[in-house]
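Visitor:
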Amino acid sequence: MRQFLCAFVIVLLPLVANAQLPDFRGIVNKSTPAVVKILVESEMKAAQSPEQLEQLPEYLQRFFQFRGDQRPRPRQNSGSGFIISPDGYVVTNNHVVEGATSVTVRLTDRREYDAVVVGLDPRSDLALLKIQESNLPVLKLAGDNGTEVGEWVLAIGSPFGLDFSVTAGIVSAKGRSLPTENGENYVPFLQTDVAINPGNSGGPLFNLDGEVVGVNSQIFTRSGGSIGLSFAIPAMVVRNVIDQLKANGEVVRGWLGVSIQDVDRNLAESFGLDRPRGALISQVGPDSPAREGGIESGDIILSFAGRPIETSSDLPHVVGLITPGAEVKALIMRDGKELTLVIQVGGLDADERPSVAGRATPERSNNVLGFITDDADSEMMADLGLSGGVVVLEVMPDSAADEAGILAGDIITRLGKSAVRNTDDLQATINRLQAGQSVAVRLIRRGAPFFLAVRVPEPR
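Using our numbering, the first residue of the sequence shown is number 43, and each one after it goes up by one.
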């Protein structure tokens, strides 16, 4: 009997294992004809310009001058993409075609077409191309909220020039924030462990229904190849950007006009939150949609347009997809109470951040938190749209302020629930604090506003 059971298990195990693994053959056969290879030609600059040669020693100048023809030569590169409409619209990454002098789209049957760049969007790293053809195979974008962590996904692309390669894995995480070189953060990336390599950029990421859930965009690597950390632009962003590029050739995003930061454990306690969550407003720009809608510095946005805001990076993801001019509801925490505001979202390009500076005078004020302050320059504070503040001149070692991370040169504009216009305001507020209490301090450092939590020391 035991031998029979062992034999039964040996036969059954492969069947169970095969039943649990997905079969990608149907997706590959159906979808591959709509996946394309992008061939890009761009101009490579000469190795040494005349101005650069003049800065070199004479013997090096002769070396470079006799190397032959130094004129710019074309550079070739490649990526991936996919067709989204039968009349020839193609999606790929912005970084694949940016700066190109010519773009060619190659289909799986080896037909090639010259492509026109309809529009580029560096903020999302998406581009829309157009080829002159009809009745082309197409791919369908998935719904906005259908992808889940742990779900099987499949990528088709041309890594290292190996045309139309297929790799598979799972969704490792959602809503990953990967700010651009300019610090912009408008894409809640899908993180996967699908093998993505150079040449996969711009290619589709599929779910098991054969729908495109993302556009492969980035990898994290120390070797130049895949190590199981790849990132894709989610379908909801792709749909929004491509529709705008197709209609207008450019993308307009929603804008609030605020500076934000995360809420840590100490700040959550000081603001009366049950746990760290939300986007803490450290600054509201003058004449911004946020100011017009009633948002104030020190508010914590808990949800926006019906979407929960768990971390500060969630807010630009949500706001950026909202059409400028639309009115949406914002749930905020203010002074320990929840409040709902109606905000008319503005346009992204209106955002400007003023800078502030303080001045030191012989008149000084010390306090129990462990820093010495003076009134900030009123003209500079007016540029920020504030009525005043105090500049930190010195922080005592091992004080509460020192432990919280306050530095000399910081400007304090708010302590707890009270605005700080001058040293008298600051001292009056400090006098009302209780020992052991955690209190939020709004600072401006090198022009950037943010909050820190300071714990009032126990009396000695």
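Glycine is no exception: its CB is placed at the ideal position from the N, C-alpha and C atoms.
Predicted model only: the values in this text are computed from it and were never measured.
1. Using 8 Å as the threshold, is the C-beta distance between Gly431 and Thr465 below it?
2. Is DSSP giving Ala142 helix, strand or coil here?
3. Below 8 Å between beta carbons: does that hold for Val498 and Gln469?
4. Gln386 by DSSP, collapsed to three states: which one?
5. Do you know how far the Cα of Pro366 is from the Cα of Ala347?
6. Taking the CB atoms as reference points, tell me whether Val305 and Ile343 lie closer together than 8 Å.
7. When we look at the beta-carbon of Phe202 and count the other beta-carbons within 10 Å, is it buried (16 or more) or exposed?
8. Counting only the same chain and skipping the five closest in sequence on each side, list residues whose C-beta sits under 6 Å from that of Asp452.
9. If you compare alpha carbons, which of Ser207, Glu140, Ile126 is closest to Arg281?
10. DSSP has Gln233 in a bridge; who is on the other side?
11. Answer with buried or exposed for Arg152, where buried requires no fewer than 16 other C-beta atoms within 10 angstroms of its C-beta.
12. Please name the residue, chosen from Asn249, Pro439, Ser122, Ile337, that lies closest to Leu298 on a Cα-to-Cα basis.
13. State the start and end residues of the unbroken alpha helix (DSSP H) segment that holds Leu357.
14. Report the residue from Leu171, Asp205, Ile238, Val294 whose alpha carbon sits nearest the alpha carbon of Tyr228.
15. By the DSSP assignment, the beta strand (DSSP E) with Gly320 in it spans what residues?
16. Going by beta-carbon coordinates alone, are Arg218 and Phe273 separated by less than 8 Å?
17. Is DSSP giving Pro201 helix, strand or coil here?
18. When you compare only the Cα positions, how much space is there between Gly320 and Ile351?
19. Do Thr150 and Glu83 have their C-beta atoms within less than 8 Å of each other?
20. Under 8 Å, Cβ to Cβ, is there at least one residue of chain B near Arg153?
21. Keeping to the same chain, check which residues put their C-beta closer than 7 Å to that of Ala443; ignore five residues upstream and five downstream.
22. With Thr415 as the anchor, note down where its beta strand (DSSP E) starts and where it stops.
23. Taking Cβ positions, are Ala197 and Val236 nearer each other than 8 Å?
24. From what residue to what residue does the beta strand (DSSP E) around Glu436 run?
25. Which residue from Leu247, Asp440, Thr222, Ser176 puts its Cα closest to that of Thr189?
26. Can you name the start and end residues of the beta strand (DSSP E) that Asp156 belongs to?
27. Over what stretch of residues does the alpha helix (DSSP H) that includes Glu369 continue unbroken?
28. Could you give the first and the last residue of the continuous alpha helix (DSSP H) run that contains Ser312?
29. What's the gap between the Cα of Pro501 and the Cα of Val300?
30. Considering just the uninterrupted stretch of the beta strand (DSSP E) at Leu168, what are its terminal residues?
31. What do you reckon, are the CB atoms on Gly141 and Ile80 nearer than 8 Å?
32. Measure the alpha-carbon distance for Asn242 versus Gly327 and round it to whole angstroms.
33. Would you report the Cα separation of Ile238 and Asn258, rounded to the nearest angstrom?
34. Taking Leu178 as the reference, which of Asn136, Lys371, Tyr155 has the closest Cα?
35. Going by beta-carbon coordinates alone, are Ser441 and Asn308 separated by less than 8 Å?
36. Give a yes or no on contact between the segment 308 to 317 and the segment 349 to 364, applying the rule of three or more CB pairs nearer than 8 Å.
Guide: Taking the definition as stated:
1. Here the question's residue 431 lines up with position 389 in the sequence shown. Here the question's residue 465 lines up with position 423 in the sequence shown. No, the pair does not count as a contact, with Cβ atoms beyond the cut-off.
2. Taking the first residue of the sequence shown as position 1, residue 142 is located at position 100. Per DSSP, reduced to three states, the secondary structure at Ala142 is coil, with no helix or strand assignment.
3. Counting from one through the sequence shown, the residue named residue 498 turns up at place 456. Counting from one through the sequence shown, the residue named residue 469 turns up at place 427. When the beta-carbon positions are compared, Val498 and Gln469 stay at least 8 Å from each other.
4. Here residue 386 corresponds to residue number 344 of the sequence shown, with the count starting at 1. Three-state DSSP puts Gln386 in a strand.
5. One-based indexing of the sequence shown puts residue 347 at position 305. One-based indexing of the sequence shown puts residue 366 at position 324. If I take the Cα positions, the gap works out to 13 Å.
6. The count along the sequence shown starts at 1 and reaches residue 305 at position 263. The count along the sequence shown starts at 1 and reaches residue 343 at position 301. For Val305 and Ile343, no; Cβs fall outside 8 Å.
7. As a position in the sequence shown, residue 202 is number 160, starting the count at 1. Per the 10 Å Cβ criterion, exposed.
8. Along the sequence shown, read from residue 1 onward, the residue named residue 452 stands at position 410. Excluding residues within five positions, the ones whose Cβ falls inside 6 Å are Val434, Leu485, Arg487.
9. Residue numbering aside, residue 281 sits at position 239 when the sequence shown is read from its first letter. That would be Ile126, whose Cα lies nearest to the Cα of Arg281.
10. Against the sequence shown, residue 233 aligns to sequence position 191. Under the DSSP definition of a beta bridge, Gln233 partners with Ala215, Phe273.
11. If you number the sequence shown from 1, residue 152 lands on position 110. That one is exposed.
12. Walking along the sequence shown from the start, residue 298 turns up at place 256. Closest in C-alpha terms to Leu298, from the list Asn249, Pro439, Ser122, Ile337, comes Ile337.
13. Looking up residue 357 in the sequence shown gives position 315. Start and end: 356 to 361.
14. Here residue 228 corresponds to residue number 186 of the sequence shown, with the count starting at 1. Relative to the Cα of Tyr228, the nearest Cα in the group Leu171, Asp205, Ile238, Val294 belongs to Val294.
15. Position 278 of the sequence shown holds residue 320. First-last for Gly320: undefined, no H or E at that position.
16. Residue mapping note: residue 218 aligns to position 176 of the sequence shown, counting from 1. Residue mapping note: residue 273 aligns to position 231 of the sequence shown, counting from 1. Yes.
17. In the sequence shown, the residue the question calls residue 201 occupies position 159. Here Pro201 carries a helix assignment [DSSP, helix/strand/coil].
18. For this step, residue 320 is matched to residue 278 along the sequence shown. For this step, residue 351 is matched to residue 309 along the sequence shown. Rounded to the nearest whole angstrom, the CA to CA distance from Gly320 to Ile351 is 5 Å.
19. Here the question's residue 150 lines up with position 108 in the sequence shown. Here the question's residue 83 lines up with position 41 in the sequence shown. No, the Cβ-Cβ distance between Thr150 and Glu83 is not below 8 Å.
20. Going by chain labels, chain B is absent from the structure shown, which holds only one protein chain.
21. For the purposes of this step, residue 443 is taken as residue 401 along the sequence shown, with counting starting at 1. Non-local C-beta neighbours of Ala443 in its own chain, meaning closer than 7 Å and more than five positions away in sequence, comprise Leu411, Gly412, Phe413, Val437, Val496, ordered along the chain.
22. If you number the sequence shown from 1, residue 415 lands on position 373. Looking at the DSSP string, the run of the beta strand (DSSP E) that includes Thr415 is 413 to 417.
23. Counting from 1 along the sequence shown, the entry for residue 197 is found at position 155. Counting from 1 along the sequence shown, the entry for residue 236 is found at position 194. Their beta carbons are under 8 Å apart, which means Ala197 touches Val236 by this criterion.
24. What you label residue 436 is simply residue 394 of the sequence shown in a count that begins at 1. Segment 432 to 437, the beta strand (DSSP E) holding Glu436.
25. As a first step, residue 189 must be located in the sequence shown, where it is residue number 147. It is Leu247 whose Cα lies nearest to the Cα of Thr189.
26. Locating residue 156 in the sequence shown gives position 114, where the first residue counts as 1. That run of the beta strand (DSSP E) goes 154 to 156.
27. Here residue 369 corresponds to residue number 327 of the sequence shown, with the count starting at 1. For Glu369, there is no enclosing alpha helix (DSSP H); the enclosing beta strand (DSSP E) covers residues 369 to 376.
28. Here residue 312 corresponds to residue number 270 of the sequence shown, with the count starting at 1. Per DSSP, Ser312 belongs to the alpha helix (DSSP H) from 307 to 313.
29. The residue you call residue 501 lines up with position 459 of the sequence shown. The residue you call residue 300 lines up with position 258 of the sequence shown. The alpha-carbon atoms of Pro501 and Val300 are separated by roughly 38 Å.
30. For the purposes of this step, residue 168 is taken as the residue at position 126 of the sequence shown. For Leu168, the uninterrupted beta strand (DSSP E) run begins and ends at 168 to 172, by DSSP.
31. Position 99 of the sequence shown, counted from the first residue, corresponds to residue 141. Position 38 of the sequence shown, counted from the first residue, corresponds to residue 80. No, Cβ-Cβ distance for Gly141 and Ile80 is not below 8 Å.
32. As a working mapping, residue 242 is identified with position 200 in the sequence shown. As a working mapping, residue 327 is identified with position 285 in the sequence shown. Each residue's Cα considered, the two are about 40 Å apart.
33. Position 196 of the sequence shown, counted from the first residue, corresponds to residue 238. Position 216 of the sequence shown, counted from the first residue, corresponds to residue 258. Their Cα atoms are separated by approximately 8 Å.
34. Position 136 of the sequence shown, counted from the first residue, corresponds to residue 178. In terms of CA proximity to Leu178, Tyr155 leads the group Asn136, Lys371, Tyr155.
35. For the purposes of this step, residue 441 is taken as the residue at position 399 of the sequence shown. For the purposes of this step, residue 308 is taken as the residue at position 266 of the sequence shown. No, they are not a contact pair.
36. The segment 308 to 317 is not in contact with the segment 349 to 364.
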